[in-house]
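Numbering of the sequence shown is given in the working numbering, commencing with residue 17 and proceeding in unit increments. Glycine included, C-beta positions come from ideal geometry on N, C-alpha and C. Quantities reported herein were computed from a predicted structural model and do not represent experimental measurements. First comes the structure, then the notes that go with it.
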Amino acid sequence: MQAEDFSNPGIGEIRGNSPISCNLHRFLLASPSAGALFASMADVTTGMLARATRLAGLRPLEVASQLRHLPGMVFFDSAGHLPSTADRAVSVIAARPERLLRGSIHSADDRAVLTKALADGHGAQGDTGFPAGGLCGWIGYEGEFVFGDYREMLVFDHADESWWEIGRLSAELREPHDAPFAIGDFHASTSREGFMRSVERAKEWIAAGDIYQVNLAHSFEANINGGSLFPLYLSLRENSPAPMAAWLALDDREILSSSPETFLKISGRGIETKPIKGTRPRFHDPDEDRRSAYELQTSAKEIAELVMITDLLRNDLGQVCEFGSVEVSEMLQLETLAQVHHLVSTVRGTLRADIDVIEALAACFPGGSITGAPKKRAMEIICELENSPRGIYCGAVGWLGFNGESSFNIAIRTLVRDRERLSYHVGAGIVADSDPEKEYEETLHKAAGIRAGLERCKL
Numbered sequence: 017m018q019a020e021d022f023s024n025p026g027i028g029e030i031r032g033n034s035p036i037s038c039n040l041h042r043f044l045l046a047s048p049s050a051g052a053l054f055a056s057m058a059d060v061t062t063g064m065l066a067r068a069t070r071l072a073g074l075r076p077l078e079v080a081s082q083l084r085h086l087p088g089m090v091f092f093d094s095a096g097h098l099p100s101t102a103d104r105a106v107s108v109i110a111a112r113p114e115r116l117l118r119g120s121i122h123s124a125d126d127r128a129v130l131t132k133a134l135a136d137g138h139g140a141q142g143d144t145g146f147p148a149g150g151l152c153g154w155i156g157y158e159g160e161f162v163f164g165d166y167r168e169m170l171v172f173d174h175a176d177e178s179w180w181e182i183g184r185l186s187a188e189l190r191e192p193h194d195a196p197f198a199i200g201d202f203h204a205s206t207s208r209e210g211f212m213r214s215v216e217r218a219k220e221w222i223a224a225g226d227i228y229q230v231n232l233a234h235s236f237e238a239n240i241n242g243g244s245l246f247p248l249y250l251s252l253r254e255n256s257p258a259p260m261a262a263w264l265a266l267d268d269r270e271i272l273s274s275s276p277e278t279f280l281k282i283s284g285r286g287i288e289t290k291p292i293k294g295t296r297p298r299f300h301d302p303d304e305d306r307r308s309a310y311e312l313q314t315s316a317k318e319i320a321e322l323v324m325i326t327d328l329l330r331n332d333l334g335q336v337c338e339f340g341s342v343e344v345s346e347m348l349q350l351e352t353l354a355q356v357h358h359l360v361s362t363v364r365g366t367l368r369a370d371i372d373v374i375e376a377l378a379a380c381f382p383g384g385s386i387t388g389a390p391k392k393r394a395m396e397i398i399c400e401l402e403n404s405p406r407g408i409y410c411g412a413v414g415w416l417g418f419n420g421e422s423s424f425n426i427a428i429r430t431l432v433r434d435r436e437r438l439s440y441h442v443g444a445g446i447v448a449d450s451d452p453e454k455e456y457e458e459t460l461h462k463a464a465g466i467r468a469g470l471e472r473c474k475l
């Protein structure tokens, strides 16, 4: 069925070499030249993580911008927005993977391949606690994964602004020269009325006792051709900075993620997830903005939804953690981003000795905040109500370090380029008292950062 085009009216064609895109690169023109950077020898290692002294004074975005010509480049970016609770936050850049690993997180044989790949790289170590190479990529919502096996990596420690390196990436900085790209008009996968009908059907299942909550999404798609979308990522980053942002150019795809949500972070035997529920728009007027945040913090619906999903994730972590170790360390915290306010909880636990990071990922996947409760039945209903597979949307984008450190986002607020197709999804959590029209409007609030980023690249 062809849906009416009601998304992003007037955006039209977008080109990557617009004046605005050029403005986003001005800071790069002031960066040290490659020759100046390479004037003195730095710590370049082949098997151990060491300080990358030649990068001193450079920010992660500058370095990523000047390395994006390398094959398989990935950038896990805090986007300059670090939550107050950030624990030793890092930005990670990797390129030139030795191989690509493809499979399904639901397949025991495929998981065994990932486990072996991590074991094979375990010798790359240092005493920093930072990843010294690893597997970087994504897991799609339906379970398919693509990971690059990276033995060259740069890590930026936000605590002391130091750079660490394994390999020789710091010797590859180049001024960016992107070919222009062109994006056509976006078309919606379903109409406003179609989405609202799906909300009503979901509420019928809730009333029947099948589920308590379900996350419903719809998508927008456009044709695209031309060069790298890194300039568009810069625009998205400026309009909607997020703590779990990422840009990946891997396996003939580009992923531009402004995700605010942590799926899993693993350090040693410690594991953490940070579900998000509830959204209200930001306003330029401070009083109106405070009212919007207060409305979110006092909404019985939003509070109940986050409590429900937090309990679901406590159960997910309980499957892989030591008995009694799972705790909710933060509950119903307000997190304010550039475009929206959210409510966030933090759930932590200690992995059992017989559970490795791959098994933990598989057991908790996909994240409960973007499925519903109970998870299995909610996923069945999502499959019935949504028009097409979600793909990378609502999956997880991140890295598995050879040193045991891992970090994955929930792939929301994310643009995906697959050859000549560019798409993004937005969704909302549906409960018994959901108002279909308000739920639809919430999805548009969540897309505000993407739409603003696209507008900035408009000619």
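One Cα belongs to T387, the other to Q229, and the distance between them is close to 8 Å. In this structure E237 is in contact with S205, their Cβ atoms being roughly 7 Å apart against a cut-off of 8 Å. Between the region 245-263 and the region 373-389 there are fewer than three inter-stretch CB-CB distances shorter than 8 Å, so the stretches are not counted as touching.
G407 carries a coil assignment under DSSP once its states are collapsed to helix, strand and coil.
By the CB criterion at 8 Å, E436 and I240 fall inside the cutoff. H357 and A261 have their alpha carbons spaced roughly 17 Å apart. Counted as a single uninterrupted DSSP element, the alpha helix (DSSP H) harbouring Q313 occupies residues 302-313. With a contact defined as Cβ atoms closer than 8 Å, L350 and P276 miss out at about 13 Å.
In the DSSP annotation of this structure, I182 is not part of any alpha helix (DSSP H); the continuous beta strand (DSSP E) holding it starts and ends at 178-183. Here I121 has I155, G159, F161, A378, F381 as same chain residues with Cβ atoms under 6 Å from its own Cβ, once five neighbours each way along the sequence are excluded. Contact check for V413 and N403: beta-carbon distance about 23 Å, past the 8 Å limit, so the pair fails to qualify.
For T278, no alpha helix (DSSP H) segment is defined; the enclosing uninterrupted segment is the beta strand (DSSP E) at 278-283. Taking 8 Å as the cut-off, the beta carbon of A133 is found closer than this to the beta carbon of L151.
If you check the CB distance, A148 and M64 come in under 8 Å. Contact between R330 and V363 holds: their C-beta atoms lie close to 6 Å from each other, under 8 Å. In this structure H234 is buried. Its beta-carbon is surrounded by 16 or more other beta-carbon atoms within 10 angstroms. Nearest in C-alpha terms to A389, of all of C410, D327, A376, P87, is D327. Around the beta carbon of E421, a 10 Å sphere encloses 16 or more other beta carbons of the protein chains shown; the residue is thus reported as buried. Scanning S315, L431, L83 for the CA closest to the CA of E270 turns up L431. The C-beta separation of I287 from L333 comes to about 6 Å, placing the pair in contact by the 8 Å criterion. Under the DSSP assignment, E338 falls outside any alpha helix (DSSP H); it carries neither an H nor an E label.
Per DSSP, D126 is one residue of the alpha helix (DSSP H) stretching across 124-136. Shown here, T387 sits in coil according to DSSP, grouped into three states, outside any helix or strand. Residue pairing of F381 in beta bridges, as defined by DSSP: absent, with no partner found. With a cutoff of 8 Å on beta-carbon distance, A444 and E453 are scored as not near each other. In this structure, the CA atom of K293 is about 25 Å from the CA atom of L367.
Beta-bridge analysis with DSSP links L74 to no other residue.
With fewer than 16 other Cβ atoms inside 10 Å of its own Cβ, K392 counts as exposed.
Beta-bridge pairing by DSSP links N425 to T278, V413. Residue state for M89 is assigned as coil, using DSSP reduced to three classes.
Of the residues assessed, P291 falls on the buried side of the cut-off, its CB having 16 or more other CB atoms within 10 angstroms.
With at least 16 other beta carbons inside 10 angstroms of its own, R253 counts as buried. By the neighbour-count definition (other C-beta atoms within 10 Å, threshold 16), D165 is a buried residue. Between D176 and R306, the alpha-carbon positions lie close to 33 Å from each other. The Cβ atoms of I222 and V447 lie closer than 8 Å to each other.
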